[in-house]
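Numbering (my numbering), first residue to last: 418 to 501.
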């Protein structure tokens, strides 16, 4: 797979990242910029976001992806930065 960094957290301590795994899943994760520790927040099936960003206060992640298993118009999703 490969890694796609998408945004810095507002405090500059983390990087919002998308991991593309060899098993055709993708993972939305926060990577600690100092230690490199990874916190996976959400795993997605065979689809992946084209766009992903953090809210200005760093509490929310917005991303787009297909709503189901078939390619259709993309929907917008909101995910708390703690993964809930």
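C-beta atoms are modelled at their ideal positions from N, C-alpha and C, and glycine is treated no differently.
Who pairs with residue 456 in a beta bridge, going by DSSP? Answer by DSSP bridge pairing, in chain order: 447.
At the level of alpha carbons, what is the spacing between residue 453 and residue 445? 15 Å
Just checking my contact of residue 461 with residue 433 at CB under 8 Å: how many whole Å lie between their CB atoms? The pair is not a contact, with the Cβ atoms about 14 Å apart (cut-off 8 Å).
Name, in chain order, the residues that DSSP records as bridge partners for residue 425. 432
Give the straight-line distance between the Cα atoms of residue 407 and residue 437, rounded to the nearest whole angstrom. The structure shown does not extend to residue 407, since the chain is modelled only from 418 to 501, so the question has no answer here.
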